[in-house]
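Chemist:
Protein chains: 2
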Amino acid sequence: MKNLKLKVARAEYDISQDELAKRVGVTRQTIGMIEAGKFNPSLQLCIAICKALGKTLNDLFWEENSNEKI
Amino acid sequence: MKNLKLKVARAEYDISQDELAKRVGVTRQTIGMIEAGKFNPSLQLCIAICKALGKTLNDLFWEENSNEKI
DNA sequence: ATAAAATATCAAGTATATATTACATAAAGA
DNA sequence: TCTTTATGTAATATATACTTGATATTTTAT
Chain R
1 MKNLKLKVAR
11 AEYDISQDEL
21 AKRVGVTRQT
31 IGMIEAGKFN
41 PSLQLCIAIC
51 KALGKTLNDL
61 FWEENSNEKI
Chain X
101 MKNLKLKVAR
111 AEYDISQDEL
121 AKRVGVTRQT
131 IGMIEAGKFN
141 PSLQLCIAIC
151 KALGKTLNDL
161 FWEENSNEKI
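As you go down the protein sequences, you meet chains R and X in turn.
Going left to right, the first sequence walks through residues 1 to 70 as my numbering numbers them.
Going left to right, the second sequence walks through residues 101 to 170 as my numbering numbers them.
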């Protein structure tokens with residue numbers, strides 16, 4: 001499934017996929033694939049992305065509605 | 101680095117590494133390695149673990165103090 | 001309308017998460 | 001003591017995250 005939260009957070013910071021990729025040490029393609037929901041990033045990469053965008057894991061990678069707590 | 105939060109959450113539920121592993125569809129060794137901090141799990145596995153233990157990504161996998169926001 | 005920048009996507013290669021099998025240790029109970 | 005359960009760890013195998021390099025399309029600016 002697409003990760004729109006990531007795309008939005010990147011837009012808030014006004015940085016390109018390429019720029020974010022450089023900041024977290026991966027390639028532009030990897031960021032593109034994550035936003036497109038075409039794969040399953042590692043935890044460390046998710047954390048690096050969150051830090052680069054001033055967000056937390058829950059902000060960018062947690063689907064509230066897929067959680068049955070309430 | 102060790103993931104004590106995961107070990108504690110598992111203890112709260114009183115389930116073994118093996119039991120948690122079965123619930124999330126991996127092997128006991130994989131859970132053991134994550135708790136021991138010996139590798140970098142995938143996002144989907146982290147999410148599955150969180151759901152099995154009634155926690156969120158931030159609860160189990162986010163290090164508050166490694167975040168420079170404040 | 002054209003150029004530049006950003007994104008999408010693809011094929012082939014490398015690195016690493018995860019599985020499988022196995023052995024070892026410690027704790028708990030019979 | 002002997003057995004069972006939980007855990008740690010290691011070797012080899014496989015699946016897949018991620019890279020590299022390339023082309024194509026879309027968006028934005030001039």
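Glycine is no exception: its CB is placed at the ideal position from the N, C-alpha and C atoms.
Looking at C-beta atoms only, is the number of pairs between the stretch 37-44 of chain R and the stretch 133-148 of chain X that lie closer than 8 Å three or more?
Modeler: yes
Chemist: Please name the residue, chosen from X:Arg128, X:Lys138, X:Lys151, X:Trp162, that lies closest to Gly54 (chain R) on a Cα-to-Cα basis.
Modeler: X:Trp162
Chemist: Which residues mark the beginning and the end of the alpha helix (DSSP H) in which Phe161 (chain X) is found?
Modeler: 157-161
Chemist: Considering only the alpha carbon of each residue, which of R:Met33, R:Gly25, R:Cys50 lies closest to Met1 (chain R)?
Modeler: The candidate whose alpha carbon is nearest that of Met1 (chain R) is R:Met33.
Chemist: Can you list, in chain order, the residues of its chain with a C-beta nearer than 8 Å to that of Lys171 (chain X)? Leave out the 5 residues immediately preceding and following it.
Modeler: The structure shown has nothing for residue 171 (chain X), since chain X only spans 101 to 170.
Chemist: Is the distance from the Cβ of Leu60 (chain R) to the Cβ of Ala21 (chain R) below 8 Å?
Modeler: Taking C-beta atoms as the reference points, Leu60 (chain R) and Ala21 (chain R) fail to come closer than 8 Å.
Chemist: Can you tell me whether Ala152 (chain X) is buried or exposed? The criterion is at least 16 other CB atoms within 10 Å of its CB, across all chains shown.
Modeler: Residue burial annotation: Ala152 (chain X) is buried, with at least 16 other C-beta atoms found within 10 angstroms of its C-beta.
Chemist: Give the range of the alpha helix (DSSP H) segment to which Ile34 (chain R) is assigned.
Modeler: 28-35
Chemist: Step through the CB atoms of chain R and report whether any lies within less than 8 Å of the CB of Leu85 (chain X).
Modeler: Since the displayed chain X opens at 101 and closes at 170, residue 85 (chain X) lies outside it and no answer follows.
Chemist: Taking only beta-carbon positions, decide if Gln129 (chain X) is within less than 8 Å of chain R.
Modeler: no
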